[in-house]
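Notes to accompany the following structure.
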Amino acid sequence: MALESKQVIYTDSSSPARVLFFGEDFLEEHLPIGTRVIFPKPPMEPLANPKAAIRHALNHPEGGAKPLFAQLFPGMKVTIAVDDISLPLPPMVRPDLRQTILEIVLALLGDHGVEDIHIIVATAVHRRMTDAEIRRMTGDKIFNEFHPKRLYNHDAEDRNNMVEIGETKLGEVVQLSRRAVESDLTIYVNINLVPMDGGHKSVGVGLTGYKGLRAHHNPQTIRDSNSYMDPDHSALAKSTHRIGAIVEKELNVFHIETAVNNNMYGPALNFLQKPEEHWRSSDRMKFQALKYSLSKLPRAAKRRIMHSTPSPFGLIAVAAGEAEAVHDKILAACWKQYLIQVEGQADILITGIPFVSPYNVNSILNPLLVQVMALGYFFNMYKGGTPLIKKGGTMILTHPLPDEFHSGHHPSYIEFFNRLLPETRDAMILHQKYEKEFAENPAYVQMYRFGNAYHGAHPFFMWYWGENGRQHVGRVICVGAESPHVAERLGWEWAADLQTAVEMARDSAPPSPQITMLHHPPILITEVR
1 MALESKQVIY TDSSSPARVL FFGEDFLEEH LPIGTRVIFP KPPMEPLANP KAAIRHALNH
61 PEGGAKPLFA QLFPGMKVTI AVDDISLPLP PMVRPDLRQT ILEIVLALLG DHGVEDIHII
121 VATAVHRRMT DAEIRRMTGD KIFNEFHPKR LYNHDAEDRN NMVEIGETKL GEVVQLSRRA
181 VESDLTIYVN INLVPMDGGH KSVGVGLTGY KGLRAHHNPQ TIRDSNSYMD PDHSALAKST
241 HRIGAIVEKE LNVFHIETAV NNNMYGPALN FLQKPEEHWR SSDRMKFQAL KYSLSKLPRA
301 AKRRIMHSTP SPFGLIAVAA GEAEAVHDKI LAACWKQYLI QVEGQADILI TGIPFVSPYN
361 VNSILNPLLV QVMALGYFFN MYKGGTPLIK KGGTMILTHP LPDEFHSGHH PSYIEFFNRL
421 LPETRDAMIL HQKYEKEFAE NPAYVQMYRF GNAYHGAHPF FMWYWGENGR QHVGRVICVG
481 AESPHVAERL GWEWAADLQT AVEMARDSAP PSPQITMLHH PPILITEVR
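Residue numbers for the sequence shown follow the working numbering, so the first one is 1 and each next one is one higher.
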């Protein structure tokens with residue numbers, strides 16, 4: 001129980017109020033006596049010299065791969081793919097880790113006479129990053145030299161520049177960017193924020209299109225994943241592994257993967273990472289000032305402040321070379337930072353929903369994204385095959401749940417929420433009856449390709465991403481939902497305050513239920529014993 005004694009606190013009569021995210025605000029709540037509160041681990045110490053660590057990884061690759069310099073020759077065609085704005089969350093302080101890696105890699109390519117270089121932001125069917133967002137990620141020098149002809153967003157709907165290179169034994173189509181397929185070398189630059197990232201998922205998902213995503217972005221795959229954050233129990237990971245085997249056979253791919261610590265808050269707010277018992281009086285004053293200030297601002301202003309505050313994540317591991325060997329090394333660092341062993345499951349699970357997800361950076365966390373954070377990512381934050389919450393248990397989440405969408409980023413979400421969910425919440429029916437219609441809608445295709453909209457199929461994927469949580473959890477109660485019809489459309493209940501929600505949850509729980517609060521973000525992943 002050594003780990004649990006450090007990261008888990010059981011509530012008693014002297015326990016302070018707990019802080020929960022409430023969208024762009026915070027709540028302070030006294031929890032019932034006996035409630036288990038699980039805190040993230042403190043941030044691991046970052047590597048002292050990130051640039052040296054990156055160079056060492058390039059020169060000493062994993063899995064029998066040749067060092068990067070040994071694969072380079074004048075006149076060759078090289079494509080560098082980089083993870084998009086969906087991670088890390090929130091965006092990290094500058095220089096972004098991708099910029100640091102790109103600068104080292106590009107210098108090496110230049111030293112070996114390589115001139116035909118393209119950098120592709122591996123968006124799959126995510127929204128196109130704006131020029132300003134790409135500049136922030138790559139730095140001014142790289143942006144000015146390569147953008148827009150040789151630094152650009154992946155376009156999954158550019159039929160002339162997407163090619164199929166094979167099928168797995170299960171009929172999973174392997175579809176990739178033509179530029180990557182026709183290159184002598186493809187280099188993938190990754191940030192592993194969670195164990196679901198990286199590995200074979202990098203190229204096989206990041207540079208694919210709708211046809212390729214259908215292999216695993218579907219309700220059955222998610223239902224069959226006993227946590228998609230745990231590759232050993234994830235049908236999603238198994239599918240990308242099969243696809244990745246074909247990618248590695250047909251392409252020469254050099255993977256560069258990194259893991260970062262969970263240092264989400266800067267010095268002014270790092271008290272939010274600590275148990276409230278450890279707060280100093282100055283911490284409490286800062287928190288009350290923050291909470292009060294946010295309460296006086298309109299939501300749009302709060303959102304701008306939150307999204308413009310970067311996180312000082314630190315590099316804790318870097319590896320390069322062959323996909324699986326690299327990924328195994330990076331996963332070990334992820335587990336070391338995130339994994340917390342706990343005793344037993346919860347009947348009632350309480351979690352705050354923050355302002356950010358992978359799909360609303362510089363945007364709005366709309367109701368479908370609140371759903372995917374709760375029943376998708378937060379439910380799936382477990383390893384070892386045992387969810388933190390019992391089958392049929394109640395999840396209580398805190399979020400204002402406004403009926404609010406970003407029309408430029410999430411246009412297909414609006415139609416999905418207002419037209420489809422009133423008809424059915426059944427993911428299988430939605431998948432079979434409507435997904436193709438949205439995916440091929442010419443307006444949505446145009447907004448994806450030439451605007452900054454998520455692909456027409458993306459709201460379906462977000463609904464599926466919560467499917468294993470939806471099948472497992474008995475009830476969801478949203479505390480503070482200002483639009484009850486939104487909760488009802490999602491199939492949820494709502495309560496005015498946490499105390500009421502807990503009493504509602506007790507109605508369907510066993511006597512003396514085990515209540516647990518996940519005190520996150522920063523990220524934590526549980527392993528139930």
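Cβ coordinates follow ideal geometry from the N, Cα and C atoms, glycine included.
Note that this is a predicted model, so its numbers are computed, not measured.
**Message:** Here's the rule: buried if 16 or more other CB atoms are within 10 angstroms of the residue's CB, otherwise exposed. What is E467?
**Reply:** buried
Count the other C-beta atoms from every protein chain shown that fall within 10 angstroms of the C-beta of Y265, then say buried if there are 16 or more, exposed otherwise.
buried
| message | Judging by CA-CA distance, which residue of D328, I119, L102, L185 is the nearest neighbour of Q71? | response | L185
Subject >> With 16 other Cβ atoms within 10 Å as the buried cut-off, status of A323 >> reply: buried
- Task: Compare the Cα-Cα distances from T351 to each of Y10, A17, F22, A443 and report the closest residue.
- Result: F22
What would DSSP say about A2, mapped onto helix, strand or coil? Confidence in A2 is poor, its pLDDT being 44 and thus under 50, which makes the residue's placement unreliable; the coordinate value appears in the next sentence. It is helical.
Next item on the list: Assign E435 to one of two classes, buried (16 or more other C-beta atoms within 10 Å of its C-beta) or exposed (fewer than that).
Entry: buried
By the 10 Å Cβ neighbour count, where 16 or more other Cβ atoms means buried, how is K433 classified, buried or exposed? exposed
Residues bridged to R18 (per DSSP) = E29
Check W494 in the structure and name its three-state DSSP category.
-> strand
* **Element boundaries [alpha helix (DSSP H), containing S282]** => 281-295
* Ordered list of alpha helix (DSSP H) runs contained in the region 81-154, each at least 4 residues -> 97-111, 131-138, 140-146
Nearest-angstrom Cα separation, counted from P67 out to N59: 5 Å
- [ ] Quick one: residues in its chain with C-beta nearer than 7 Å to the C-beta of N192, no 5 flanking neighbours on either side, listed in chain order?
- [x] G198, E257, T258, A259, I330, C334
Considering Cα atoms alone, identify which of M306, V125, R299, L170 is closest to R242. L170
**Asked** beta strand (DSSP E) containing V260: first to last residue?
**Response** 253-260
Inter-residue spacing [alpha-carbon to alpha-carbon] between A495 and I523 = 26 Å
Task: 8 Å CB neighbourhood of D116 in its chain, flanking five on each side removed - done: G75, M76, K77, V78
Exposed or buried, which one is A509 when buried takes at least 16 other CB atoms within 10 Å?
buried
Could you pull out every residue in the same chain whose Cβ sits closer than 8 Å to the Cβ of E482, ignoring the five residues on either side in sequence?
P400, L401, P402
In the structure shown, what three-state DSSP assignment does I348 receive?
strand
Discussion item. Please identify the residue among A332, Y377, D283, D497 whose C-alpha is closest to the C-alpha of T398.
Written reply: D497
### Message
Mapping the DSSP letters down to three states, classify K41 as helix, strand or coil.
### Response
coil
Let me know the alpha helix (DSSP H) ranges lying completely inside the region 296-365, each 4 residues or longer, listed in chain order.
299-307, 323-338
* Among E415, G451, N360, L421, which one has its Cα closest to the Cα of E24? -> N360
R223: first and last residue of the uninterrupted alpha helix (DSSP H) it sits in: 219-223
> Thinking C-beta only, is N263 closer than 8 Å to G314?
Replying inline: yes
Beta-carbon proximity list for K211, same chain, < 7 Å, skipping 5 on both sides: V173, Q175
key: 8 Å Cβ cutoff, R98 in contact with chain C   = As a matter of chain content, chain C is missing from the structure shown, which is built from one protein chain.
Task: Cutoff 7 Å; reference Q7; Cβ partners in own chain excluding five residues on either side - done: I38, F39, K41, I340
What residue does the beta strand (DSSP E) around T398 start on, and which one ends it?
389-398
*asked:* Taking only three categories from DSSP, how would you classify V370?
replied: helix
#### Entry: Cβ-Cβ distance between L272 and T516 below 8 Å
no
How far does the beta strand (DSSP E) with M517 in it extend, from its first residue to its last? 515-518
Q.
Whole angstroms are fine: how far does the CA of F438 sit from the CA of E28?
A. 41 Å
Assuming R475 is part of the beta strand (DSSP E), what are its boundary residues? 475-479
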